[in-house]
Ligand code: SAH
Ligand code: SF4
Ligand code: F3S
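Right under this line is the structure:
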């Protein structure tokens, strides 16, 4: 295995986050203010919200119990599909009402919608009461922009949009499992997808910065890290290293559990599979988006693999990684998808018997190549395809989950169950949700659980003391 020189990785210049220690006079502006933060979209946004929270709290703002008492309302938005946008627009109506007759309420629109020029134009026209629109590249400008809105003071900021910012002081949602960005952006340009436009080009964080963060998390008592990127297996290309090398270095920190999302089937190497198989603390779970089972559609999507290549990779993972669980993403109704194309997708689902799948109806995104592709399939036909697909997907998730019945599994317990306050919940190594009969003392620990019932979307189990 080729192990790249660490000095190579050091060549990338990363900038330090400057807002960790703010001057006291700026804090005075915000000491009596409260914030309300609402997050939409994927894990990137969930993790970006942990950064936004840290900026707001560094300024001195406290979290509001409800939206009515907030002075700063931040919407961290998603642009992936039309319904993601609709949800945000719906929420903006509520914000407009709150701002009536109140000067001390500021609305901030952050996240991927802010990186879509056509959407921003529309938003500006229809929602002129929004105070700050901030993109995904310059989140670190938020303290400056807010300070300007609330006072005359200005603080120094960075202006570059394609840098990697280090030294973030995240206010994390969990004490046991943490997101760790390993790279930003995406260069794949799948023809349906807005992400390369909203998140920019692929930029990898330096290997030693990532390892430092993982070590710090481990010292703080974290049991699990999830390495984050739109396409994690492209990690390192821009700085002369590889994802498999990074994964190996992260595993060697001996943090109890290592996860990663999302993998792209195109450049998932044998080395990566070998590393996952080699280390017990790399979890046997891979999210491997298929998108379509038709080679004609995959080509139009610019996915860079065929149905056969996908299945071969899938089989290799199953063969080499003991007990691996594999989930996927599938889009139905891509422009020109025929019944025969769709049946090819069903065919791959039947072959692979996925542990789970996120399924979507294609949604046209302005500015992407697919937006101008002819499409004559009726929406009702797409809905019917989605339903057929979901039935099949659920059948296989249930089938896979049934295999765990009466088995002992290891679960990282994360908190009290939402549905039943007498239970706790957590995830198996294969990323299956388990509701557990067990005491609250096991929260934050990796424990043995015996599975007592299995459904399509979750498992029930008893804690084995
Ligand atoms: N980087 C990840 C996915 C990010 S988006 C990857 O490549 O796998 C998450 C999922 O949203 C995608 O996998 C895709 O299935 C879906 N998606 C993206 N753009 C979409 C669109 N325009 N319409 C419908 N679904 C879309
Ligand atoms: Fe979008 Fe494709 Fe990049 Fe995933 S790999 S974020 S689907 S362009
Ligand atoms: Fe949505 Fe942006 Fe993530 S568009 S899915 S929040 S990268």
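In the numbering used here, the protein residues as written are 18 to 482.
From the three backbone atoms N, C-alpha and C, an ideal C-beta is built for every residue, glycine too.
The model shown is predicted, which means the values in this text are computed figures rather than measured ones.
Would you call residue 474 buried or exposed, if buried means 16 or more other Cβ atoms sit within 10 Å of its Cβ?
Residue 474 should be labelled exposed.
Given the structure, does residue 470 come close to the ligand SAH, in the sense that its CB is under 6 Å from one of the ligand's heavy atoms?
No, the Cβ of residue 470 stays beyond 6 Å of every heavy atom of the ligand SAH.
Can you tell me where the alpha helix (DSSP H) with residue 216 in it begins and where it stops?
Segment 212-216, the alpha helix (DSSP H) holding residue 216.
Given that a residue counts as buried once 16 or more other Cβ atoms are within 10 Å of its Cβ, and exposed if not, what is residue 138?
Label assigned to residue 138: exposed.
Can you tell me the Cα-Cα spacing of residue 487 and residue 383, whole angstroms?
This structure cannot settle anything about residue 487, because the visible part of the chain is limited to 18 through 482.
Pick helix, strand or coil for residue 177, following the three-state DSSP scheme.
For residue 177, the predicted structure reports a pLDDT of 45, less than 50, and the residue's modelled location is therefore unreliable. A value from the coordinates is still provided. Residue 177 falls in the coil class under three-state DSSP.
Assign residue 38 to one of two classes, buried (16 or more other C-beta atoms within 10 Å of its C-beta) or exposed (fewer than that).
For residue 38, the predicted structure reports a pLDDT of 46, less than 50, and the residue's modelled location is therefore unreliable. A value from the coordinates is still provided. Residue 38 should be labelled exposed.
Which of helix, strand or coil DSSP assigns to residue 51
Three-state result, residue 51: strand.
Residue 261 and residue 292 closer than 7 Å at C-beta:
Taking 7 Å as the cut-off, the Cβ atoms of residue 261 and residue 292 count as close.
Would you call residue 355 buried or exposed, if buried means 16 or more other Cβ atoms sit within 10 Å of its Cβ?
A residue is called buried once 16 or more other Cβ atoms fall within 10 Å of its Cβ, and residue 355, having fewer, is exposed.
State yes or no: is the C-beta of residue 151 within less than 7 Å of the C-beta of residue 163?
Pairing residue 151 with residue 163 gives a Cβ-Cβ distance that is not under 7 Å.
Candidates 415, 335, 98: which alpha carbon is nearest residue 373's?
Put simply, of 415, 335, 98 the residue whose alpha carbon is nearest the alpha carbon of residue 373 is 415.
Please classify residue 485 as buried or exposed, where buried requires at least 16 other C-beta atoms within 10 Å of its C-beta.
This structure leaves residue 485 out entirely; the chain is present only between 18 and 482.
Quick check on the DSSP output: the beta strand (DSSP E) that includes residue 274 runs from which residue to which?
It spans 274-278 - the beta strand (DSSP E) in which residue 274 sits, taken as one unbroken run.
Bridge-paired residues (DSSP) for residue 196:
Beta-bridge annotation (DSSP): residue 196 is paired with 243.
Taking C-alpha atoms, which residue in 349, 434, 108, 314 lies nearest to residue 396?
When each option's Cα is compared against that of residue 396, the closest is 349.
Can you give the Cα-Cα distance for residue 101 and residue 95, rounded to whole angstroms?
In a straight line, the C-alpha of residue 101 is about 6 Å away from that of residue 95.
Please return the same chain residues whose Cβ sits closer than 8 Å to the Cβ of residue 234, not counting the five positions on each side in sequence.
Closer than 8 Å at Cβ, skipping near neighbours: 195, 197, 242, 272.
So, do the segment 292-310 and the segment 447-456 have three or more beta carbon pairs nearer to each other than 8 Å?
The segment 292-310 is in contact with the segment 447-456.
Start and end of the beta strand (DSSP E) containing residue 377?
Taken as a continuous stretch (DSSP letters only), the beta strand (DSSP E) holding residue 377 covers 373-378.
Return the chain-ordered ranges of every beta strand (DSSP E) run that is complete within the segment 332-398 and spans a minimum of 3 residues.
Assignment of beta strand (DSSP E) within the segment 332-398, counting only whole runs of 3 or more residues, yields 342-349, 373-378 in chain order.
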